[in-house]
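Chemist: First, the structure itself, so that you have it in front of you.
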Amino acid sequence: MSLHHGRHCSHCSSLGAAGAIGLGLVAGVAAAAGVLAGRKATTTARLSRGHPRKHRLLDAASSTLQRKIPLEAMSTYLNGFHMYADDMGRQVEASHFCIHLEPDLHQCVIFDSNRPDARLIGIEYIISEARFRALPEEEKRLWHSHHYEVKSGLLVAPGIPEMAEHAYFEDLVTTYGKTFHTWQYDRDDFPYGVPQLMMGFTGDGQADPALVAARGRRLGLSTEWRREKRSDIPEPAVAPGANLWESGQSVQTSLEARPFKR
1 MSLHHGRHCS HCSSLGAAGA IGLGLVAGVA AAAGVLAGRK ATTTARLSRG HPRKHRLLDA
61 ASSTLQRKIP LEAMSTYLNG FHMYADDMGR QVEASHFCIH LEPDLHQCVI FDSNRPDARL
121 IGIEYIISEA RFRALPEEEK RLWHSHHYEV KSGLLVAPGI PEMAEHAYFE DLVTTYGKTF
181 HTWQYDRDDF PYGVPQLMMG FTGDGQADPA LVAARGRRLG LSTEWRREKR SDIPEPAVAP
241 GANLWESGQS VQTSLEARPF KR
């Protein structure tokens with residue numbers, strides 16, 4: 001969550017010690033801001049190699065002089081897996097960068113990794129169960145639950161102390177997400193086509209074990225260890241209308257021609 005949200009939101013202040021831990025972590029991140037700022041110019045220069053000189057100059061100037069306030073506010077990094085809403089066989093890793101925008105709403109941008117050259121692949125909105133239950137039935141078809149992703153350890157916050165991560169996921173386990181990927185990077189080397197609706201896993205045996213193991217080796221984390229540590233988090237019942245694919249039917253986006261209105 002962002003520092004601003006933590007100071008003023010009754011939801012966050014109710015976390016007590018866990019909330020204090022979260023704010024302490026944010027303060028630690030703020031203390032490291034000088035180090036991160038010092039890396040910006042180097043990263044920009046490295047990524048700009050081979051670009052026209054005028055582009056390199058613009059990149060260097062913007063890195064030094066421009067504030068990217070919405071991006072700076074995205075203080076939470078989550079790593080998980082998505083599957084295409086109409087094809088469980090197509091699974092991809094997703095690095096989320098999120099802001100707790102309102103007490104019952106997070107918004108996230110999604111990349112294929114947490115590297116300087118990461119590809120922007122999509123977005124996700126995360127809402128509370130109460131807000132999900134209030135959605136029109138047609139809208140609910142686009143949303144997936146997070147109960148299994150949290151309880152199984154598939155969804156993680158890399159680098160965060162276990163106690164703070166546990167407190168965060170105690171809340172996230174009851175939420176619902178709507179995710180669209182704009183780059184089918186498992187198939188294409190360019191963002192072709194229309195955004196694709198994605199879903200989350202809801203039970204054992206669904207996520208590709210090779211994909212999960214590769215993530216674990218690269219990030220130096222254990223999904224099973226997190227699963228064990230989260231065993232005390234109550235698993236909520238899924239609200240009706242979510243995870244449409246479990247019914248044997250699903251929905252997906254496509255392009256359609258329409259008359260142009262003047």
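Residue numbering for the sequence shown follows full-length UniProt numbering, beginning at 1 and increasing consecutively. Think of the CB as a built atom: it goes at the ideal place given N, C-alpha and C, for glycine as much as any other residue.
#1: Do three or more CB pairs link the segment 104–116 to the segment 84–91 at distances below 8 angstroms?
#2: What ranges does the alpha helix (DSSP H) occupy inside the segment 75–99, keeping only unbroken runs of at least 4 residues that lie completely in it?
#3: Where does Val156 land, buried or exposed, given buried means 16+ other C-beta within 10 angstroms?
#4: When DSSP labels each residue in this structure, what does Phe201 get in the three-state scheme?
#5: So for Thr223, helix, strand or coil by DSSP?
#6: In this structure, how does DSSP classify Lys229 when only helix, strand and coil are distinguished?
#7: For residue 323, collect the residues of the same chain with a Cβ closer than 7 angstroms to its Cβ; drop the 5 residues on either side in sequence, then sort them by chain order.
#8: Per the contact definition of three or more C-beta pairs closer than 8 angstroms, is the segment 225–234 in contact with the segment 158–171?
#9: Compare the Cα-Cα distances from Arg215 to each of Ala73, Ala237, Ser62, Gly80 and report the closest residue.
#10: Mind reading off the beta-carbon distance from Tyr84 to Ser95? Whole number of angstroms is fine, and I expect it under 8 angstroms.
#11: Is the segment 117–126 touching the segment 179–197, taking contact as three or more C-beta pairs under 8 angstroms?
#12: Leaving out the 5 sequence neighbours to the left and right, which residues in its chain are closer than 7 angstroms to Asp186 when beta-carbon positions are compared?
#13: How about Glu246 and Gly153: are their beta carbons less than 8 angstroms apart?
#14: By how many angstroms is the C-alpha of Val150 removed from the C-alpha of Leu221?
#15: Within a Cβ cutoff of 7 angstroms, which residues of the same chain sit near Ser254, ignoring the five residues on either side of it in sequence?
#16: Exposed or buried, which one is Ala134 when buried takes at least 16 other CB atoms within 10 Å?
#17: When you compare each of Asp117, Lys261, Leu57, Ser128 to His106 by their alpha carbons, which one comes out closest?
#18: Would Gln196 be called buried (16 or more neighbouring beta carbons within 10 Å of its own) or exposed?
#19: Tell me where the alpha helix (DSSP H) around Phe132 begins and ends.
#20: Any idea if Gln184 is buried or exposed, counting beta-carbon neighbours within 10 angstroms, 16 or more meaning buried?
#21: So Glu72 and His147 are supposed to be a Cβ contact under 8 angstroms. How far apart are they, rounded?
#22: Given residue 282, which residues of its chain have a CB within under 7 angstroms of its CB, disregarding the five upstream and five downstream residues?
#23: Hey, out of Ser75, Asp86, Val251, whose CA is closest to Glu139's CA?
#24: Which of the three DSSP states, helix, strand or coil, is assigned to Ala37?
Modeler: Taking the structure as given:
#1: no
#2: none
#3: Looking at its Cβ environment, which holds 16 or more other Cβ atoms inside 10 Å, Val156 is buried.
#4: coil
#5: In the three-state DSSP reduction, Thr223 falls in the helix class (H, G or I).
#6: Of the three classes helix, strand and coil, the one that applies to Lys229 here is helix, per DSSP.
#7: Past the edges of the chain, shown from 1 to 262, lies residue 323, and the structure says nothing about it.
#8: yes
#9: Residue Gly80 is the option with its Cα nearest to Arg215.
#10: About 18 angstroms separates the two Cβ atoms, so there is no contact after all.
#11: Counting C-beta pairs closer than 8 angstroms gives three or more between the segment 117–126 and the segment 179–197, which meets the contact rule.
#12: Arg90, Val92
#13: Against a cut-off of 8 angstroms, the Cβ pair of Gly153 and Glu246 comes out as no contact.
#14: 15 angstroms
#15: Val194
#16: exposed
#17: Comparing Cα positions, the closest option is Ser128.
#18: Around the Cβ of Gln196, a 10 Å sphere holds 16 or more other Cβ atoms; the residue is buried.
#19: Residues 129–133.
#20: buried
#21: No, Glu72 and His147 are not in contact; Cβ-Cβ is about 31 angstroms, not under 8 angstroms.
#22: Outside the displayed range of the chain (1 to 262) lies residue 282, so it cannot be described from this structure.
#23: Checking every option, the nearest Cα to that of Glu139 belongs to Val251.
#24: Because Ala37 sits at a pLDDT of 43, beneath the cut-off of 50, its placement in the model cannot be relied upon, and the following sentence gives the value as read from the coordinates. Helix, per DSSP.
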